[in-house]
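Q:
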């Protein structure tokens, strides 16, 4: 069989390439039967490749779904284990604190003041945050300190208006 590179540049039409591939007058060229076998084999290979490509795509989808389910199952187990370990740690802390000081609770919420949960898990968090926003105005904030000189709330003894009226205690001088 002779290789003729001019055939490749003449046409990209498969029928024209087929006709040029065999020449009944020149026996050195491929026969029509040989060309038919090669063409059929090529088509079979292409068809098989397409089928395999589709199967790979289907298997890839199945594998990805199984991976996703596996990851979700692992996350569920890990979350459960973390919760279990957290409960065990809190129980151990409670046991240690009971031995040291007789405390009955280990943790107290800084948001609502209730025992049994921490502030990030507080079921009343939104309610207390709304109250906090309402009480942040200046007229609603009440002073919590008491003057030691006059006993009134709202100022320190260093700023007491009655400090001038109070006589200092006599000191002993020799």
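In the working numbering, the protein residues as written are 80 to 253.
Don't be surprised by glycine CBs; every beta carbon is placed ideally from N, CA and C.
Since this is a predicted model, take the numbers as computed values, not measurements.
Which residue's Cα is closest to the Cα of residue 210: 160, 200 and 191?
A: By 1-based counting over the chain shown, the position of residue 210 is 131. Minimum Cα distance to residue 210 is reached at 191.
Q: Does DSSP put residue 120 in a helix, a strand or coil?
A: Position 41 of the chain shown, counting from 1, holds the residue named residue 120. If DSSP states are grouped into helix, strand and coil, residue 120 belongs with the helices.
Q: When you compare only the Cα positions, how much space is there between residue 152 and residue 162?
A: Here residue 152 refers to the residue found at position 73 of the chain shown. Here residue 162 refers to the residue found at position 83 of the chain shown. Computed Cα separation, rounded: 15 Å.
Q: Alpha carbon to alpha carbon, how far is residue 203 from residue 171? Give it in angstroms, no decimals.
A: Here residue 171 is taken as the residue at index 92 of the chain shown, counted from 1. Here residue 203 is taken as the residue at index 124 of the chain shown, counted from 1. Approximately 26 Å between the Cα atoms of the pair.
Q: Take residue 242 and list the residues in its own chain whose beta-carbon comes closer than 6 Å to its own, dropping the five residues that flank it on each side.
A: The count along the chain shown starts at 1 and reaches residue 242 at position 163. Excluding positions up to five away in sequence, the list reads 228.
Q: Please state the DSSP three-state secondary structure of residue 228.
A: Sequence index remark: in the chain shown, residue 228 carries index 149 (1-based). Correct three-state label for residue 228: coil.
Q: Give every residue of the same chain whose Cβ lies closer than 8 Å to the Cβ of residue 207, excluding the five residues on either side of it in the sequence, and list them in chain order.
A: Taking the chain shown and counting its residues from 1, the one referred to as residue 207 is at position 128. Excluding sequence neighbours, residue 207 sits near 190, 191 and 201.
Q: Note down the Cα distance separating residue 135 from residue 115, rounded to an integer number of angstroms.
A: Here residue 135 refers to the residue found at position 56 when the chain shown is read from its first residue. Here residue 115 refers to the residue found at position 36 when the chain shown is read from its first residue. Answer to the nearest angstrom: the Cα atoms are 30 Å apart.
Q: Taking DSSP's pairing of strands, which residues face residue 187 in a bridge?
A: Here residue 187 corresponds to residue number 108 of the chain shown, with the count starting at 1. Note: residue 187 sits in a beta bridge opposite 194.
Q: Quick one: Cα of residue 237 to Cα of residue 178, how far?
A: If you number the chain shown from 1, residue 237 lands on position 158. If you number the chain shown from 1, residue 178 lands on position 99. Roughly 45 Å between the two C-alpha positions.
Q: Report the option in 142, 125 and 197 whose CA atom is closest to the CA atom of residue 166.
A: By one-based count along the chain shown, residue 166 stands at place 87. The shortest Cα separation from residue 166 among 142, 125 and 197 belongs to 197.
Q: Going straight from the alpha carbon of residue 174 to that of residue 148, what length do you get?
A: Counting from 1 along the chain shown, the entry for residue 174 is found at position 95. Counting from 1 along the chain shown, the entry for residue 148 is found at position 69. Cα-Cα distance, rounded: 39 Å.
Q: Near residue 159, which residues of its chain fall below 8 Å by C-beta distance, leaving aside the five closest residues on each side in sequence?
A: Against the chain shown, residue 159 aligns to sequence position 80. Counting only Cβ-Cβ distances below 8 Å, and skipping sequence neighbours, we find nothing.
Q: Grab me the residues of residue 218's own chain with a C-beta within less than 6 Å of its C-beta, minus the 5 sequence neighbours each way, in chain order.
A: To locate residue 218, count along the chain shown from 1; it is residue 139. Confidence at residue 218 is low in this model, with a pLDDT of 48, below 50, so the placement of that residue is unreliable and no value is reported for it.
Q: Assign residue 242 to one of three DSSP states: helix, strand, or coil.
A: The residue labelled residue 242 in the question sits at position 163 within the chain shown. Coil.
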